[in-house]
Amino acid sequence: MHKLSFWNGLRASSSMFKFGRRRTGGLQTDLNSPRTQSMDEDLSSESAKMPEPFLRLPVELHARVLEHYLADPKAMVNAKRWLAHTLLLCRMYAIYFPSTATMLLTCNSISFIRTLIFSPQFHEVWSRIYLQWPAEAIEWHMERSQGAPLSIHLNTQECKAIKSRLKGWADFLSANMANTRELNLAISVPARVSRCADIRLLARAINTAAPLLSDFVLNLDSDANNIVRLFGSNAPRLHSATIYADHQFDLSDFPSLRQLRMLLAPNRIHEMLWMLKELPDLEELSLIGVDIDFRPYIPDEPRVQVHLPKCRSLTIKKMKSPTINYLTSSFTMPELQKLSVHEILAPNKYDVIRPSITEALSLLEHDPASAHALHIALRPDHLFITSSDSSCSFSSDWSDLRDQFVSDADGYLLEPAVTILSAFAVQLRIRPKQLVIENTLRPNARFFGRSALAFVDLELLWHHVLPEYPSVETLQLVGDFSGLIRVLESPVFYFPNLSDICVQDRSPLTERSVQRLVGFCHSRLPPIVLSLPVT
Numbered sequence: 001m002h003k004l005s006f007w008n009g010l011r012a013s014s015s016m017f018k019f020g021r022r023r024t025g026g027l028q029t030d031l032n033s034p035r036t037q038s039m040d041e042d043l044s045s046e047s048a049k050m051p052e053p054f055l056r057l058p059v060e061l062h063a064r065v066l067e068h069y070l071a072d073p074k075a076m077v078n079a080k081r082w083l084a085h086t087l088l089l090c091r092m093y094a095i096y097f098p099s100t101a102t103m104l105l106t107c108n109s110i111s112f113i114r115t116l117i118f119s120p121q122f123h124e125v126w127s128r129i130y131l132q133w134p135a136e137a138i139e140w141h142m143e144r145s146q147g148a149p150l151s152i153h154l155n156t157q158e159c160k161a162i163k164s165r166l167k168g169w170a171d172f173l174s175a176n177m178a179n180t181r182e183l184n185l186a187i188s189v190p191a192r193v194s195r196c197a198d199i200r201l202l203a204r205a206i207n208t209a210a211p212l213l214s215d216f217v218l219n220l221d222s223d224a225n226n227i228v229r230l231f232g233s234n235a236p237r238l239h240s241a242t243i244y245a246d247h248q249f250d251l252s253d254f255p256s257l258r259q260l261r262m263l264l265a266p267n268r269i270h271e272m273l274w275m276l277k278e279l280p281d282l283e284e285l286s287l288i289g290v291d292i293d294f295r296p297y298i299p300d301e302p303r304v305q306v307h308l309p310k311c312r313s314l315t316i317k318k319m320k321s322p323t324i325n326y327l328t329s330s331f332t333m334p335e336l337q338k339l340s341v342h343e344i345l346a347p348n349k350y351d352v353i354r355p356s357i358t359e360a361l362s363l364l365e366h367d368p369a370s371a372h373a374l375h376i377a378l379r380p381d382h383l384f385i386t387s388s389d390s391s392c393s394f395s396s397d398w399s400d401l402r403d404q405f406v407s408d409a410d411g412y413l414l415e416p417a418v419t420i421l422s423a424f425a426v427q428l429r430i431r432p433k434q435l436v437i438e439n440t441l442r443p444n445a446r447f448f449g450r451s452a453l454a455f456v457d458l459e460l461l462w463h464h465v466l467p468e469y470p471s472v473e474t475l476q477l478v479g480d481f482s483g484l485i486r487v488l489e490s491p492v493f494y495f496p497n498l499s500d501i502c503v504q505d506r507s508p509l510t511e512r513s514v515q516r517l518v519g520f521c522h523s524r525l526p527p528i529v530l531s532l533p534v535t
């Protein structure tokens with residue numbers, strides 16, 4: 001049988017299965033009771049429809065088929081797909097062995113497959129539980145998980161009648177938290193539900209001790225404000241936590257944390273810093289800003305110094321530059337290897353625009369040899385600079401400065417732009433052999449006309465930036481490079497080692513711009529090799 005038609009046949013047959021029509025309401029506390037007879041009967045009746053060639057495969061191939069089938073990441077996208085995935089798995093292997101299947105499989109095959117599919121190697125298949133499933137589906141998986149540590153998921157946005165199911169979810173979490181290794185909760189409730197008693201039951205369940213928990217994800221909307229404490233401060237194996245919530249959770253009781261990703265409101269900075277002092281073993285830290293109508297007072301000097309001796313990766317996103325400057329000046333990270341910062345450029349309390357790149361890069365001790373290429377990008381309202389080894393990336397969002405300027409005669413905007421685009425060379429002493437310059441600014445576009453970047457003199461910008469990159473041998477150009485060519489044609493000898501220029505497809509070429517570029521390449525000795533896109 002053709003491989004594609006074979007797998008399509010399996011997937012198509014999965015749609016035949018339907019749950020019984022029994023109303024589930026909420027979960028029962030006792031999930032070990034044998035209440036899955038209707039599901040067993042459905043699977044038994046449908047498994048006889050499996051393609052015979054699959055049932056006749058040599059048993060030696062079944063382990064490989066299982067590994068391939070379970071490695072499909074698309075199956076874990078949501079609760080519905082994972083349930084269909086596991087149900088089809090059972091039917092693929094005729095777990096319930098109706099008469100037709102037993103005629104096609106030998107007793108040895110049956111024993112081998114059954115042993116394999118319920119072996120510890122595949123316990124994760126059955127221990128992955130979505131609380132938005134019908135109760136009988138949860139019971140069916142629980143009975144087959146054979147006591148393996150659970151991976152529990154809940155997304156209330158995939159559920160109807162949330163209020164009626166809250167108590168069942170709370171009972172399940174309370175009863176099984178001690179045997180949970182992974183917990184992923186996305187809780188969004190209507191305001192009227194957030195005031196009911198059962199939401200408090202759910203909050204208490206989440207505050208149950210979790211001795212085996214290693215991975216935790218919490219996505220909490222602002223109305224679910226009853227959930228304020230986690231695991232009774234008792235989760236000694238907690239390794240990774242991702243928390244998207246307006247409330248600032250105190251994680252200082254979980255010193256085992258290695259990875260932390262969380263939202264941070266500007267009025268919670270010091271609270272967060274004091275908490276991080278209690279997490280010295282952190283290896284990865286990601287802080288994402290929350291956009292609120294609040295401009296906090298930022299001291300000139302950090303009030304809290306946080307030493308994270310094992311932190312190798314730091315990501316800061318969606319925060320204003322004065323906040324990032326203050327945060328990064330509060331950290332020491334001697335082992336930092338990867339830095340990613342996405343600032344919103346804004347004036348500080350002295351009305352000075354100071355990009356956060358200088359303070360941020362001071363955390364990073366970079367090996368110049370590890371970054372052989374840099375990518376510089378100028379886009380409407382954004383500046384980007386990224387190293388080829390992905391160890392360092394910085395973006396500056398200028399959208400908050402829109403409609404605030406009519407010119408830049410004093411260089412007020414030019415200075416931060418130069419600082420950003422030359423910082424990797426000046427601070428980290430990176431000497432790239434390859435430089436990609438992308439310019440998709442459109443000075444004549446109506447949208448761009450209101451941008452602060454519209455007032456930056458790009459030729460003057462390149463006159464300041466290009467001398468910092470004398471090591472460049474290959475220059476790739478994307479977008480509008482007319483201003484850059486005028487700078488290269490000037491008497492100043494930029495890029496002394498330049499040997500190749502490559503113009504990418506997205507560059508608007510005119511006959512005049514091509515002539516000037518060709519003339520520049522031939523003016524060098526030896527001549528620079530020029531590659532143009534095929535038209």
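So that you can map any letter, position 162 of the sequence shown is 162 in the numbering used here, and since no number is skipped, the others follow by simple counting. For every residue, glycine included, the Cβ atom is placed at its ideal position computed from N, Cα and C.
Exercise for the section: Identify which residue in Arg128, Leu532, Ile243 and Thr474 has its Cα closest to the Cα of Leu287. Expected result: Ile243
Exercise for the section: Using 10 angstroms around the beta-carbon of Thr510, count the other beta-carbons present and answer buried if the total reaches 16, otherwise exposed. Expected result: exposed
Problem - From Cys502, Ala409 and Tyr469, residue whose alpha carbon lies closest to that of Val478 - result: Cys502
Exercise for the section: Just mark Arg64 as buried or exposed, buried being the case when its beta carbon has 16 or more other beta carbons within 10 Å. Expected result: exposed
Exercise for the section: Inspect the CB distances between the segment 338-358 and the segment 309-322 and report whether three or more fall short of 8 Å. Expected result: yes
Handout entry: Segments assigned alpha helix (DSSP H), at least 4 residues, entirely inside the segment 222-287
Key = 269-276
Practice task
Let me know the secondary structure DSSP gives Tyr69 once reduced to three states.
Solution key: helix
Practice task
Return the bridge partner residues of Lys317 from the DSSP annotation.
Solution key: Ile288 and His342
Exercise for the section: Name the residue from His68, Leu183, Met142 and Met272 whose alpha carbon lies nearest to the alpha carbon of His239. Expected result: Leu183
Practice task
Determine the direct distance from the alpha carbon of Ser390 to that of Leu213, and round the result to whole angstroms.
Solution key: 31 Å
Exercise for the section: Let me know if Lys80 comes out buried or exposed under the rule of 16 or more other beta-carbons within 10 Å of its beta-carbon. Expected result: exposed
Practice task
Give, in chain order, every unbroken run of the beta strand (DSSP E) that is at least 3 residues long and sits entirely within the segment 457-485.
Solution key: 474-479
Practice task
Measure the CB-CB distance between Leu251 and Val290 and report whether it falls below 8 Å.
Solution key: no
Exercise for the section: From the DSSP output, in three-state form, read off Tyr130 for me. Expected result: strand
Exercise for the section: Use the C-beta contact count for Ser395: other C-beta atoms within 10 angstroms, 16 or more gives buried, fewer gives exposed. Expected result: buried
Handout entry: Helix, strand or coil at Val514 [DSSP, three-state]
Key = helix
Problem - Straight-line gap, Val487 to Thr474 (C-alpha atoms, nearest Å) - result: 17 Å
Practice task
Classify Glu189 as helix, strand or coil using the three-state DSSP reduction.
Solution key: Correcting the residue identity first, residue 189 is Val in this sequence and not Glu. If DSSP states are grouped into helix, strand and coil, Val189 belongs with coil.
Practice task
Check whether the Cβ atoms of Thr323 and Ile298 sit closer than 8 Å, and answer yes or no.
Solution key: yes
Exercise for the section: Taking only runs that begin and end inside the segment 343-418, name each unbroken alpha helix (DSSP H) of 4 or more residues, in chain order. Expected result: 357-361
Handout entry: 6 Å CB neighbourhood of Val217 in its chain, flanking five on each side removed
Key = Asn184 and Thr242
Handout entry: Residue closest to Arg431, alpha-carbon to alpha-carbon, out of Pro496, Pro347, Lys277 and Ser513
Key = Pro496
Exercise for the section: With DSSP as the reference, label Asn8 as helix, strand or coil. Expected result: Only weak support is given to the placement of Asn8: the predicted model assigns it a pLDDT of 41, under 50, and the value that follows is read from those uncertain coordinates. DSSP places Asn8 in helix when its eight states are reduced to three.
Problem - Distance, Leu116 Cα to Cys90 Cα - result: 12 Å
Exercise for the section: Keeping to the same chain, check which residues put their C-beta closer than 8 Å to that of Cys196; ignore five residues upstream and five downstream. Expected result: Lys163 and Leu166
Handout entry: Buried or exposed by the 16-neighbour rule on C-beta atoms within 10 Å, applied to Val472
Key = buried
Handout entry: Where the alpha helix (DSSP H) through Asn176 begins and ends
Key = Ile162 to Asn176
Exercise for the section: In the DSSP assignment, find the alpha helix (DSSP H) that holds Glu139 and state where it starts and stops. Expected result: Ala135 to Ser145
Exercise for the section: Identify the continuous beta strand (DSSP E) that holds Gln434 and give its terminal residues. Expected result: Gln434 to Asn439
Handout entry: Residue span of the beta strand (DSSP E) that contains Phe216, given as start and end
Key = Asp215 to Leu220
Problem - Collapsed DSSP secondary structure at Asp198 in the structure displayed - result: helix
Exercise for the section: Answer yes or no: do Ala265 and Phe231 have a C-beta to C-beta separation smaller than 8 Å? Expected result: no
Practice task
Could you tell me if Glu60 is buried or exposed, where buried requires 16 or more neighbouring beta carbons within 10 angstroms of its beta carbon?
Solution key: exposed
Exercise for the section: Measure from the alpha carbon of Arg539 to the alpha carbon of each residue in Lys310, Asp281 and Lys277, then state which is nearest. Expected result: The structure shown does not extend to residue 539, since the chain spans only 1 to 535, so no value can be given for it.
Problem - Span of the beta strand (DSSP E) around Asn530 - result: Asn is not the amino acid found at residue 530; the sequence shown has Leu there. Residues Val529 to Ser531.
Exercise for the section: Could you check which residue in Tyr469, Phe481, His463 and Asp500 has the C-alpha nearest to that of Pro491? Expected result: His463
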